Amino acid sequence: MIRYADSEDNLILVAGNRLQVIHHLLLATCHLLLMNSLSLYLHIPFCRHRCAYCDFNTYTSLADLQPDYAAALAAEVQQVAGAERRPAHTLFFGGGTPSLMTPGELEVILTAVHTHFTISETAEITMEANPGTVDLAYLTAIHNLGVNRMSFGAQSANPGELALLEREHDFAAVVTAVQLARQTGITNLNVDLIYGVPGQTLASWAESVQAVLALQPAHLSLYCLTIEPGTPMKRWLENGRISPPDPDLAADQYALACEQLAAHGYDHYEISNWALPGYACAHNLTYWRNGEYLGLGAGAHGHTASIRYEVVKQPRVYIRRLQQAEPPGYPLSTAVAAHHTLTRQEQMTDTLITQLRLLDEGVDMAAFAQKFGQSLLDVYGQPIDQLVEWELLSLADGRLRLTPKGWFLSNQVFYRFL
Amino acid sequence: MTQSNIRNFCIIAHIDHGKSTLADRLLQLTGAISDREMQEQVLDSMDLEREKGVTIKASAVRMNYTAQDGRDYILNLIDTPGHVDFGYEVSRALKSCEGAILVVDATQGIEAQTLANLYLGVEAGLEIIPVINKIDLPAALPDDVAEEVENITGIPAEDAIPISAKTGENVEAVLEAVVKHIPPPTINTDLPLRALVFDSHYDSYKGVIAYVRIFEGAIEKRQWIKMLSNDVTVEPIEIGVFSPAMKPVDRLQAGEVGYIATGLKTVRECRVGDTITLRDQPATDPLPGFQRVKPMVFAGFYPSEGEDYAILKEALEKLQLNDASLVFEPETSSALNFGFRCGFLGLFHMEIIQERLEREYDLDLVATAPSVRYEVVMSGTGEVRIINSPADLPDPATFDEVREPWMDVHIFTPEEYYGVIMDMVIKRRGILIGQEYPAPGRVVLHYELPLAEMIVDFYDKLKSGTRGYASMDYEFKEYRASNLVKLEVLVNKTPVDALAMIVHTEDAYHRGQKLVSALKEKIPRQMFEVPIQAAVGNRVISRANVKAMRKDVLAKCYGGDITRKKKLLEKQKKGKKRMKMIGSVEVPQEAFMSVLQLNDD
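Taken in sequence, the protein lines are chains A and B.
First residue of the first sequence: -8, per my numbering; consecutive thereafter.
First residue of the second sequence: 1266, per my numbering; consecutive thereafter.
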C-alpha cells in the first residue's frame, strides 16, 4: 500500500525493488495531486453459474445481453460525465464475472471511459475474474486494453469446500490463472479466500492460506463467509444440511491468517485485506477513505458530491433506461434507481465506519474536525470512551484506530457510531 | 306490553361449542339484526375476542319474537364470558336470568367449564334448556351427548334439542323452548329500584355504561341514581336497551334488562355485582352476592423503550376504565427501569391485557414472569405482609412463615388421560381430593393445587397432554403455609430483581439449574465473559458462563455498497437498543420471560 505517512526508506526496505518503489512513489504523488480524482466502479452482472453463498447482483442466463449491456454501460459513462472530462485514477470491473465480457465488449466500455474521463497514466485498472474463465489470449487482450490488476476468486484450496461453495473451478485453475496473468505482464494480482465455511477446519484453512502464499500474490483478500438470506446456503442451513459456522473457529482462522501473512511480509492494511508494501488496492482505498466514486452498471452504487445513489439492478431494465435522453444531472444517469443526499450526521457516520476499516490509517482526527467543524470526541465521546475501555479502539498520534481485538469485532464498534 | 312476555336467558357453552354462532342465528331469526348487517359473531365486538374465539365481555341483546302461540315476546339474551378467569362476572350474568340454554358440542360432549357454569346456573335456580349443537358434522353423536347431559343434569335426554347453529337447522325450536320453559320474571314495580349491574363498559361520551337487570321498581330517564356499595350518586345521561345497538328508552322496570349510561368516569365506581337504586327513593339493602374481585396473578409490565412509560401508564388507565379487576401500581426494577406491577384475575386475563396494550396502544412490552400474591407472617409482631413481587420477599430470618394461595381445581377429561393428568398435578405439588364419573369414559378430577404452580403453563400442558380433550375450572380455596424460598439470579454478579422467583425449597435446585441454562442461551455473548448464577440466600446453587464474543464482522463492502452495510448495522443497533442493561451486560427482553419455559414435563 501507499502509506503517505511512512518514510521512503521504509518502503524501499520492504519493497526491495527499486523500480517498483519509484512506480509507487509516482502513484502516491499522483494521488496527492489528484485529490479530486474519482474512482470508477463498473458492474458486470453476468455469471455462468451462481455460487451457493452469492447474493450479488448477477444473472446466469442473460449472456445474450452482453453486447447491448456494453453499449449501455458506454452510454451511462457518457451521460454521467457530461462534458467535463473529470479526472479518475482507478477503474474496477466487478461482478458478477467481468471476465465473461469479450475484449471487444470491454473495448466499447473502456473507449467511452477514456473519451469522457481523464484517466491518469498510472491509473489502477482492476478486473475481477473467476479462475478458469481466462486464457492467455484473453489476458493478453485485456492487458492491451489497459487492465493492469487482476483479482481472482480462489476462495479455497480444498476441493470439498469449493464444492460446497459451488465454485466451478479447482485450485489448479487458480495456479494457472496467476501464471498466465504474470506471463502477459499483469503482475499486480489479488487472490480472494473465504473462511468460516461450514465444515472447514483450522487445518484446512491453514492449507488454503499456505497454498495461496506459495503463489506470492501482491494482494490478498480474506473474507469471513456471511450466509445471506435467499442463497442456497441459507436454505441448507435452515433445513439442516449444513451446520452454522462456529464464530470462535472463524476467529481462530482469522488470527491464524493474520499471523501467517505478517510472517510473509504482508501488510494488514484493512480488516479483510493484506498487501505487499505498495500494493494496497487504490480503488478500494477510495471506499475506505470515504472518498468519491461513481457506480456504473446495473446495481452499482456511487458516492460523490455528498450523494449516494444506486443504479437499477435488472440488466434489461438498465439497458432500456439508458435509451432515455436527458439524465437528471451529475452524477446521476437515466438508469439511477434511487439517490440520497447525505446529511452531515450521515457523513460523519460514513467517515467513521469506512475509515476505521483501515487499520493503520484509521480516522485522522484533525481532518475530521476540519471537515465537520466539530471534534470527533465532541460528537462521539461517549461511544469512544466505552470502546476504548473495552479495548476495541485506541487513540494515538491524532488518530482513532481499531485495536487488534477490535478488528474482528468491528461491528460492535461501527454500530455505535450510527 | 305485559311483563309475562319477557324471558331473560343466557347461553352456557364451552369455547368453540358454538355459542356465538347460535346467538347470531337467534338474532337473525328474531330480526334483531338483518342478514345484511350480519357480521360473524356480533356479540363479540372486540377483535381480540373474535381472534381468540372467546367472549371477554358479556353483553345483552333484546329481541322481539312472535311465538307459535301467536303472542309477542321480548327475549333478553345475556351473554357470558367464556373463560375461567371471569367466574364472578359469569355468576352475575347468570343471576340476571331465569333460564339458560346449555349448548353442548355433539362431537365433544360436556367440558369442565361448561359444567362449572352449569352448576352455577343450577345454583342460581335457572331453568336449563339443553341444546346439542353441530349435528351437521359427520362425527356428531347427539344421542350419546344427550345421555351424558341427562346423567349430569337429570334433564331427560329426549328434552335436549338437537340443532346446527351453523346451518340454522332446528334453531327455531330453541326459541320456542325459551318461551315455553323459561319462567317469566317476577315483577314488583311498587318497591324501590334495585338493579343488578352484571357488566359494564366505558364509553368516552356517556361514561360508564352499566348493564343492568332490574329486579324491583323502575327507573325513568333523568332520575338520579345511587350505587349501593359506595353511595355514589349521579344523574344518568340516558337509559336504554341493546337492540343490539344502544337504543334509549324512557323507562326500565322490574323484569327488564337494559343499560344505564351513568356518566361515571371509572368502572370502579360502578362495579359488577353492585346494586343501583334511586337517590330519592333508595332501597335499603343491596341485592345479595356483591364482591370486590381480587387479582390473583401479578406481573411486572415494562415498556421496551423507557420513553414509552407515560404511554403505558395512560394505556393501563384507559383499560382500567373498562376493567375493574385490573390493578396496577408503579414499580421500579434495576434491570427494566420504570414499569408497573399489574394484578389480574388469572393468566388468561393477563394475556388479554398484554395483547391489548401491544395491539391497541402499539406498545412494546417486557412482561416479567407472573407470580401470585404471598402472605408473609413476620416474626415477633405476627404482622402479615402481602407480597406481590418475588423480589420483595423479606430476609428469611425476619419471618415465621410464607403462605401461598391454593386453588380448588376441577379437571374434566376422557378417562384415558387420567395418568397423564395425575403426573402433571403431582409434579406441581397437587393433591387429589376426589373424582367422579358423570358419564361412561369421562372423569371429573378434583384437586388442590398451589396457584403458583398453575400460572405459567399448566393449562397449555393440560391441553397438549390430553390432545385438547381435558378442560379445567378453578377457584380460590385458601392461603396455606409452605416451605418457600426466594430464588435469585445474578448476571455478572448483579442480582436481577425481575428474574427473582419464589419457589418451593425442594424445587429450588432444579429450577435454578434450568433457569441458568435457559439464560445462558438467551444472553448473547458480550465483550467480556459473563457468569450467570442462581442463588438461594447466599448460596449459589447453579452457575454457567457466557463466553466473551470474539467475532462480529462484516465481509467486504461490495462495489462500494455502504448503504446496505449501514442497514445491517442499523438493524444491529436497533436490536441492541431493545436490550436491557444489567450492570454493563446487555440482556435481550426475552430473557426476562425465560422463567416461563422452565417446566419440561
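Backbone N, C-alpha and C define an ideal beta-carbon position, used for all residues, glycine too.
On a predicted model such as this, the values are computed, not experimentally measured, just so you know.
Cβ separation of residue i and residue j, assumed to be a contact under 8 Å, to the nearest whole Å
i	j	result
B:K1491	B:L1543	7 Å
B:E1851	B:Q1791	7 Å
B:K1359	B:V1326	Rather than Lys, the amino acid found at residue 1359 of chain B in this sequence is Leu. Actually they are not in contact, since the Cβ atoms of B:L1359 and B:V1326 sit about 16 Å apart, beyond 8 Å.
A:E119	A:G144	7 Å
B:L1601	B:G1565	7 Å
A:L35	A:L127	Note that residue 35 of chain A corresponds to Ile in the displayed sequence, not to Leu. So it is not a contact: roughly 21 Å between Cβ atoms.
Beta-carbon spacing of residue i, residue j below 8 Å
i	j	result
B:I1271	B:G1520	yes
B:L1287	B:V1368	yes
B:I1806	B:I1797	no
B:V1436	B:A1442	no
B:G1433	B:G1472	no
A:A63	A:T222	no
A:L350	A:L285	no
A:E434	A:Q346	A question about residue 434 of chain A goes unanswered here, because the residues of chain A that appear run from -8 up to 409.
B:V1514	B:I1504	yes
A:V200	A:A164	no
A:H255	A:L204	yes
B:V1462	B:A1475	yes
B:P1450	B:E1363	yes
Any chain B beta carbon closer than 8 Å to residue i
i	result
A:N402	yes
A:R392	no
A:A296	no
A:L409	yes
A:I262	yes
A:Y406	yes
A:D161	no
A:W381	yes
Neighbour-count burial assignment, residue i, 16 or more Cβ in a 10 Å radius
i	result
B:N1398	buried
B:I1321	Since pLDDT at B:I1321 reaches only 37, below the 50 mark, its modelled position is unreliable, and the value read off the structure follows with that caveat. Classification for B:I1321: buried.
A:R77	buried
B:P1705	exposed
A:N179	buried
B:G1777	buried
A:H80	buried
B:K1779	buried
B:A1735	buried
A:N181	buried
Any C-beta of chain A under 8 Å from that of residue i
i	result
B:A1820	yes
B:M1492	no
B:P1851	Looking at the sequence provided, one finds Glu at residue 1851 of chain B rather than Pro. False, the Cβ-Cβ gap to chain A never drops below 8 Å.
B:R1621	no
B:I1652	no
B:M1846	no
B:R1536	no
B:E1835	yes
Euclidean distance between Cα positions of residue i and residue j
i	j	result
B:E1582	B:V1532	11 Å
A:L25	A:V71	Bear in mind that a pLDDT of 49 at A:L25, under 50, signals an unreliable position, so the number given afterwards is only what the model happens to contain. When rounded, the distance between both Cα atoms is 20 Å.
B:K1830	B:L1819	8 Å
A:A132	A:A241	39 Å
A:Y278	B:G1825	6 Å
B:K1578	A:S195	58 Å
A:R140	A:E115	7 Å
A:R280	A:H259	16 Å
B:G1604	B:V1754	20 Å
B:P1568	B:D1629	6 Å
A:V308	A:A329	14 Å
A:A246	A:K396	10 Å
A:Q403	A:G372	16 Å
B:E1423	B:N1416	12 Å
A:F162	A:L156	13 Å
B:S1324	B:S1598	39 Å
Any non-hydrogen atom of the ligand NAD within 7 Å of residue i CB
i	result
B:T1540	With respect to small molecules bound, the structure shown includes none, and the ligand NAD cannot be examined in it.
C-beta neighbour in chain D for residue i, strict 8 Å
i	result
B:M1737	In the displayed structure, chain D is absent; the protein chains listed are A and B.
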